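Residue numbers (this note's numbering): 248 to 500.
No residue lacks a Cβ here, since even glycine has one placed at the ideal position from N, Cα and C.
In this text the structure is predicted, and so the values were computed from the model without any measurement.
The following block contains the structure:
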């Protein structure tokens, strides 16, 4: 006997309609078992999962995300909240997130929000409630806002933050060692025999930029090298500002 579940999962290639019932019949299993495979449930054995997936691929079946979400009680959407969509590092993060989400059957919803916007917390809250995402990934510098972390916690929405400093309100974080990385750069330059050294930072209001500058300055200090203020130029993490700042430093007497 086939356990009945929503049969609204359909795919229509070239006018043909393939349903979850068709997949179950072809595989000789229940609709519930096919649904478990689609939802990544651990209750299906590896061999059965492999056979069902083969029938899914052969029939060209693609689940209806809305019906799938209703059956599983999830939206299968992950939100990514970011400040600057043009930053190179954001693009790197997104590629990794998209790849992982795709492997797990999730779709990515990107929401830009301004770090300097006085309503940034309300903006992200509204997005989370409106989009009904199952969880949120916060990218820097928005991930460094303590108030935003608290707001998402109050919504009881799972959130993961990537940042350069630890924010206590975030239960799960990926923290990069900005000080250590900048110090390693300074040590390398000194090791090459350089003494007159400058640095191009990111926006000073970003904690990542502040952490890097501290690490860079401290490392030079350990080698007995000072970092004068005019050897520090602020950029915006963009290519053009880096070129301009670099030209300024190279023109110093």
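Exposed or buried, what is residue 487 when buried is set at 16 or more other beta-carbons lying within 10 Å of its beta-carbon? exposed
Through-space distance from residue 357 to residue 284, alpha-carbon basis: Distance between the alpha carbons of residue 284 and residue 357 is about 27 Å.
Using only alpha-carbon positions, find the residue among 375, 351, 301, 307 that is nearest to residue 288. The shortest C-alpha separation from residue 288 is found at 351.
Residue 417 lies in the alpha helix (DSSP H); which residues open and close that run? Taken as a continuous stretch (DSSP letters only), residue 417 belongs to no alpha helix (DSSP H), as it is neither H nor E.
Under three-state DSSP, which class holds residue 291? coil
For residue 251, which residues from the same chain have a beta carbon less than 6 Å from its beta carbon, with the 5 sequence-adjacent residues on both sides left out? Any reading at residue 251 must be qualified, since the residue scores a pLDDT of 36, below 50, and its modelled position is unreliable; no value is offered.
Residue range of the alpha helix (DSSP H) that residue 393 falls in? 393-401
Run through DSSP, which three-state label would residue 385 get? strand
DSSP three-state call for residue 498: helix, strand or coil? coil
For residue 479, the residue or residues it bridges with in DSSP: 446
Going by DSSP in three states, residue 356 sits in which element: helix, strand or coil? strand
Give the secondary structure of residue 257 by DSSP, where H, G and I count as helix, E and B as strand, and everything else as coil. Unreliable placement is indicated for residue 257, whose pLDDT of 43 sits below 50; the coordinate value is still reported in the next sentence. In the structure shown, residue 257 sits in a strand (DSSP, three-state: E or B).
DSSP on residue 439, reduced to helix/strand/coil? Residue 439: coil per DSSP, three-state reduction.
I need the boundaries of the beta strand (DSSP E) containing residue 326, first residue and last residue. Following the DSSP letters along the chain, one finds residue 326 inside the beta strand (DSSP E) bounded by residues 324-329.
Separation of residue 305 from residue 395, as counted between CA atoms: Answer to the nearest angstrom: the Cα atoms are 45 Å apart.
First and last residue of the uninterrupted alpha helix (DSSP H) at residue 461: 454-469 is the span of the alpha helix (DSSP H), which, as asked, contains residue 461.
May I ask you to report which of helix, strand or coil DSSP gives residue 276? DSSP, reduced to helix, strand and coil, places residue 276 outside both helices and strands of the structure shown, so it counts as coil.
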